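Numbering (this note's numbering), first residue to last: -5 to 940.
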């Protein structure tokens, strides 16, 4: 079944939500909150319209071609698994938006928080609905970036900066590993489409690359879902605002790894390595994190470690991999999202009202916050797995599946570890309730002794989730059984799965006994520690030392930094000769690799005699290069000679019948020469001479060796036959691109995406120069003083000539631009010609007067030109999508206007307009920045040398 609603669900928060929140920045907080909640509820509503069909087994798909040659498409798929996660993301997100409105004070930017949360919601929805691995990876990395920004929301706190960097580094490295796994999976299957991959289990598991593929993908899943040994980033991310912790680190982001394993479960199921690795890492994470949670003094720290523990439980069930185990995992995903999101909100309420979330300072809050205490007891009971709550049911299912699918000593050990984890879970849940609301009278260290219940809007989301914990615990078959079983079938692809029967009572059995032991043992364990306040004094960090994940991570980064500095000192020694040597060696080595199997001798291609013109040009080029070598210490002469070399290259292009390249070369050569001459004003006129004769000989040998190496490789290439692809472009230039100028058609149509990237880089270079030069001044010292290069008013003759040159140059630019699709020319060349004409105006009128006439003071106009050009080029590319064609596909047609007659037009001309405007803007911005008096010295004597 196909529908176009799936991308709309993602685009609503990504575009509409972020736009509305940005536009409402100056409006009231309430209006902003209504907008955010409205967008989130709209996505939720669209999902609910598909819920009945999908949970009954339907699969909804939609796809648009993007990069079909690489197997990358905008492909979306909504099955029960994706729908469940999308409902959690949008449903919990809606509650978080409501909660955040009351949680954040007026001094904190609600717009900023909503904007980042919208971005994160869109990314998580994208993960849930993607049907292409590469598209999923894009959304995956977007969650890492948005969570980095959310964790660092309070950027003035060191803890927030540290936590955000740690989260981004850990999950980013995992994402990089996952990318490798996805690429290997694509190589094995020949596709990145998930629905196709899920049908190739036998082919995948029998392939030699299966093990590295599995390990790389699991590495990405483990880092994202904070499994041991990558668990340490999650507690350190608790520096984020509580709404962020409630959303990202309990209900959504940390479950992205869980979702990935569940999504790809059919291709991994049956592989012993998968089952053993995932089951036992999940089991160890479950027990280890539960133990550490007991001794955390920060409320959010306790909840963070409990989250890690429950994620380990879910991962363990997915590792077991049976349909019933997967059903239990799905059920616990739902339950954990409800009680843990509520508990994080409650932690925020406690902090918000009492002024602290430090368990060493909190006690006796029951008398001030009875309603909040009741909510805490309900949700903490669910977290501990107390009967009549949803957490009890999924914990029982976990124990049942563990006992049913393991045997022998492994079963005994696993049962002991799981029971211990249950004991620890009860202990930290009891500590959360007893330590905050009871444990004696109101604590003397509580900052706010007059705390009171928060506004209803702040309590309502947690109240709703607490009610769900009870309702699902009492009526699981009625409320969630169909959802759980449908999702389990979608995850395992086992359609004849009878389904799990969710009920409050399954009789007296071993899982119930394990639950009783966990409950009684947890109470005894906690109160024995709490007696006399001993638990408040226990600190495990000194005992763990370097075994702590945070410490190990810091040591790793420190070692990486030290080794990077050593490598930098070895490679970046400040000597240009060393840099050039490495560049030459690397270039020759890389280019030589293809010839290793063919021999390094002259090829068999028939050679032709060199014409007299070629010999003349070669002698000119040789002479120019020799002059460059002779005068290279005199920088101005060197720049002028390099310009002369460019002119010789232009003549070579003309001789080889490449007028487009010749036009480009000569215009680029002139503009580059002007820029280099202006840049020399910041440098001495002379380059220091080599300190010894031996160094001159060394440099000479390197230059000769490099030149001979490149020359020989060029000779090897030219003397060998090769299969050219030029015939394709010659044949298809007119029928597909609508132009006879093959070069221009390639640039704006066949390889328009490359050109778009190039003009983007050009624009970034111009803006980068503006940022780098901002505030820079030369101070007239011997080493920094250079030529005065700001354009001052010139003689009358030059000014009169310039006034004629500009209109003529603009006409020539228009002519070059319009003929570009069929004859030599195009937007790039036309842009450079326009820029040259404007540079002449600068030279003739002076920069101040010229910029005043252009209204381009401080380069502002040129920044706008760059942005406008990129937008025009990008919109031209996007326009092809409305006709179902790939990005930047050109359309061409004939029109017959009066008088002018028949004309051939192509949409690529619009793209070329964007190229033209961007080139002019970037070039003139560079000129403007280098000539700005704020950035450089305007006067001073011209130095004669070093």
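C-beta: ideal position from N, C-alpha, C; glycine also. Since the structure is predicted, the reported quantities are computational estimates derived from the model, not experimental observations.
{"Query": "Considering only the alpha carbon of each residue, which of 696, 258, 572, 667 lies closest to residue 826?", "Result": "667"}
{"Query": "Distance check for residue 400 and residue 275, CA to CA, integer angstroms please.", "Result": "15 Å"}
{"Query": "Of the residues 834, 794, 905, which one's Cα is nearest the Cα of residue 748?", "Result": "905"}
{"Query": "According to DSSP, simplified to helix, strand and coil, what is residue 292?", "Result": "strand"}
{"Query": "With 16 as the cutoff for other CB atoms within 10 Å, does residue 734 come out buried or exposed?", "Result": "exposed"}
{"Query": "Can you grab the Cα-Cα spacing for the pair residue 118 / residue 641, in whole Å?", "Result": "54 Å"}
{"Query": "Based on DSSP bridge pairs, tell me the residues matched to residue 352.", "Result": "292"}
{"Query": "As an exercise, report each continuous beta strand (DSSP E) stretch of at least 3 residues that is fully enclosed by the stretch 617 to 692, in chain order.", "Result": "none"}
{"Query": "Identify whether residue 911 lies in helix, strand or coil by the three-state DSSP scheme.", "Result": "helix"}
{"Query": "What whole-angstrom Cβ distance do residue 374 and residue 426 have, given they're in contact under 8 Å?", "Result": "5 Å"}
{"Query": "Does residue 323 pass the burial test, meaning 16 or more other C-beta atoms within 10 Å, or should it be called exposed?", "Result": "buried"}
{"Query": "DSSP puts residue 886 in a beta bridge; with which residues?", "Result": "900"}
{"Query": "Leaving out five residues before and five after residue 329 in sequence, what residues of the same chain have Cβ atoms less than 6 Å from its Cβ?", "Result": "384, 385, 388"}
{"Query": "Compare the beta carbon distance of residue 154 and residue 233 with 9 Å and say whether it is the shorter of the two.", "Result": "yes"}
{"Query": "Within 10 Å of its beta-carbon, does residue 756 have 16 or more other beta-carbons around it, so buried, or fewer, so exposed?", "Result": "buried"}
{"Query": "Which whole-angstrom value describes the C-beta separation of residue -2 and residue 56, a residue pair presumed to lie in contact below a C-beta threshold of 8 Å?", "Result": "6 Å"}
{"Query": "Quick one: Cα of residue 316 to Cα of residue 67, how far?", "Result": "32 Å"}
{"Query": "Can you say whether residue 453 is buried or exposed, counting buried as having 16 or more other CB atoms within 10 angstroms of its CB?", "Result": "buried"}
{"Query": "How many angstroms separate the CA atom of residue 779 from the CA atom of residue 615?", "Result": "Only weak support exists for where residue 779 lies, its pLDDT of 41 falling under 50; the value from the coordinates is given anyway. Each residue's Cα considered, the two are about 33 Å apart."}
{"Query": "Distance, Cα to Cα, residue 519 vs residue 129?", "Result": "48 Å"}
{"Query": "Please state whether DSSP places residue 187 in a helix, a strand or coil.", "Result": "strand"}
{"Query": "Got a sec, what are the start and stop residues for the alpha helix (DSSP H) residue 838 sits in?", "Result": "821 to 839"}
{"Query": "Taking 9 Å as the threshold (C-beta atoms), are residue 738 and residue 863 in contact?", "Result": "no"}
{"Query": "Tell me the rounded alpha-carbon separation between residue 914 and residue 821.", "Result": "10 Å"}
{"Query": "Smallest Cα separation from residue 340: which of 240, 272, 142?", "Result": "240"}
{"Query": "Candidates 619, 102, 450: which alpha carbon is nearest residue 150's?", "Result": "102"}
{"Query": "Pop quiz: residue 305 and residue 279 are said to be a contact at Cβ under 8 Å. What is the actual Cβ separation, rounded to whole angstroms?", "Result": "7 Å"}
{"Query": "Comparing alpha-carbon positions, which option in 743, 921, 732 lies nearest residue 887?", "Result": "732"}
{"Query": "For residue 582 versus residue 707, is the C-beta spacing smaller than 9 Å?", "Result": "yes"}
{"Query": "Give me the residue from 868, 794, 869 with the minimum Cα distance to residue 837.", "Result": "794"}
{"Query": "As a quick exercise: from 77, 722, 343, pick the residue whose alpha carbon is nearest that of residue 37.", "Result": "77"}
{"Query": "Rounded to whole angstroms, what's the CA-CA distance from residue 123 to residue 71? Just pull it up for me.", "Result": "5 Å"}
{"Query": "When you compare each of 33, 24, 15 to residue 4 by their alpha carbons, which one comes out closest?", "Result": "33"}
{"Query": "Classify residue 93: buried if its beta carbon has 16 or more other beta carbons within 10 angstroms, exposed otherwise.", "Result": "buried"}
{"Query": "With distance defined between alpha-carbon atoms, name the residue in 346, 745, 403 nearest to residue 448.", "Result": "346"}
{"Query": "Runs of 4 residues minimum, wholly inside the stretch 539 to 605: which ones carry the alpha helix (DSSP H) assignment?", "Result": "543 to 565, 570 to 586"}
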